[in-house]
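S.K.:
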Amino acid sequence: AQKITQTQPGMFVQEKEAVTLDCTYDTSDQSYGLFWYKQPSSGEMIFLIYQGSYDEQNATEGRYSLNFQKARKSANLVISASQLGDSAMYFCAMREGRGETSGSRLTFGEGTQLTVNP
Amino acid sequence: EAGVTQFPSHSVIEKGQTVTLRCDPISGHDNLYWYRRVMGKEIKFLLHFVKESKQDESGMPNNRFLAERTGGTYSTLKVQPAELEDSGVYFCASSTNEDYYNEQFFGPGTRLTVL
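Protein chains in written order, with the numbering used here: chain A, 1 to 118; chain B, 1001 to 1115.
1) Check the Cβ of residue 1069(B) against every Cβ in chain A and list those closer than 8 angstroms, keeping chain order.
2) In chain B, which residues lie less than 7 angstroms from residue 91(A) when you measure between Cβ atoms?
3) Could you compute how far the alpha carbon of residue 14(A) sits from the alpha carbon of residue 1065(B)?
4) Near residue 1081(B), which residues of its chain fall below 7 angstroms by C-beta distance, leaving aside the five closest residues on each side in sequence?
5) Please report how far the alpha carbon of residue 101(A) lies from the alpha carbon of residue 16(A), in whole angstroms.
6) Give the DSSP-derived three-state secondary structure of residue 1024(B) in the structure shown.
7) Kindly indicate which three-state DSSP category residue 61(A) falls into: helix, strand or coil?
8) Which residue marks the beginning of the beta strand (DSSP E) containing residue 1070(B), and which one marks its end?
9) Looking only at DSSP bridge pairs, what is residue 1016(B) linked to?
10) Would a C-beta distance cut-off of 8 angstroms place residue 97(A) and residue 30(A) closer than the cut-off?
11) Does any residue of chain A have a CB that is nearer than 8 angstroms to the CB of residue 982(B)?
12) Using a Cβ-Cβ cut-off of 8 angstroms, state whether residue 1124(B) counts as contacting chain A.
13) Determine the direct distance from the alpha carbon of residue 56(A) to that of residue 1011(B), and round the result to whole angstroms.
14) Quick one: what's got a C-beta closer than 8 angstroms to residue 1074(B)'s C-beta in the same chain, skipping five residues either side?
15) Between residue 33(A) and chain B, is any beta-carbon pair separated by less than 8 angstroms?
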């Protein structure tokens, strides 16, 4: 069963506007971490933001914030004041609790291609 | 501090040939991971090293793939013989430990094209 679901293959946003990229996840672990990565056309994977399952407040990093709704198992990325340089592929990923062989790997969604229009 | 590096950045080979990808993790990172993204698909886990030991290789697609990590430093991923479906981007990542809250730092990837 797919553990990370990103339902938006592509998203468009006007420069300076905010955009929300959706991510839902599935896990039976109580301890887990959720990550967002950005992959520009150059190909590298850039870490953006992290949310832990026990964190009570939504994570924020500059223009990035994570809308964490634990009961709904969603971890949407919000980018405020979009810039042209934000155009990239965005991946949501999860890392489950330590102790199991699958507990160390990242599980990724299929990604959302964001295009920021001038 | 240098990040995760990967070599080569691109590789184009013919079906049946052998290719070896290299990853140098961040110094001091005991945990090293290989992932790959086949065109249009999600990024998938291949295997995980802790120092020189394979902790989890459940994601390796078949026995044409061989990963090693000599002395717990750099790692190589060999594909022999390469098939068309092996084309994609191969990422390496490293982290200090296996805790779920610990960030994995990614390398720039190796784009493999099998013709």
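For glycine and all other residues, C-beta sits at the position ideal for the given N, C-alpha and C.
M.R.: On the basis of the supplied data:
1) Neighbourhood of residue 1069(B) in chain A, by CB distance below 8 angstroms: empty, with the nearest CB roughly 15 angstroms away.
2) Listed along chain B, the residues sitting closer than 7 angstroms to residue 91(A) by beta-carbon distance are 1043.
3) For residue 14(A) and residue 1065(B), the gap between their C-alpha atoms comes out near 44 angstroms.
4) In chain order, 1016, 1017, 1018, 1064 place their CB closer than 7 angstroms to the CB of residue 1081(B), counting only its own chain and leaving out the 5 sequence neighbours on each side.
5) Caution is warranted here: a pLDDT of 48 is assigned to residue 101(A), below 50, making its placement in the model unreliable, and no coordinate value can be reported.
6) Three-state DSSP puts residue 1024(B) in a strand.
7) Of the three classes helix, strand and coil, the one that applies to residue 61(A) here is strand, per DSSP.
8) That residue, residue 1070(B), is in no beta strand (DSSP E); it is neither H nor E in DSSP.
9) Note: residue 1016(B) sits in no beta bridge, so no partner.
10) Yes, the pair counts as a contact, with Cβ atoms nearer than the cut-off.
11) The displayed coordinates of chain B run from 1001 to 1115. Any statement about residue 982(B) would go beyond what the structure contains.
12) This structure gives no information on residue 1124(B), because the portion of chain B shown stretches from 1001 to 1115.
13) Going by C-alpha positions, residue 1011(B) is about 45 angstroms away from residue 56(A).
14) Closer than 8 angstroms at the Cβ level, and outside the excluded window around residue 1074(B), lie 1022, 1023, 1024, 1025.
15) Closer than 8 angstroms to some Cβ of chain B, the Cβ of residue 33(A) qualifies, so yes.
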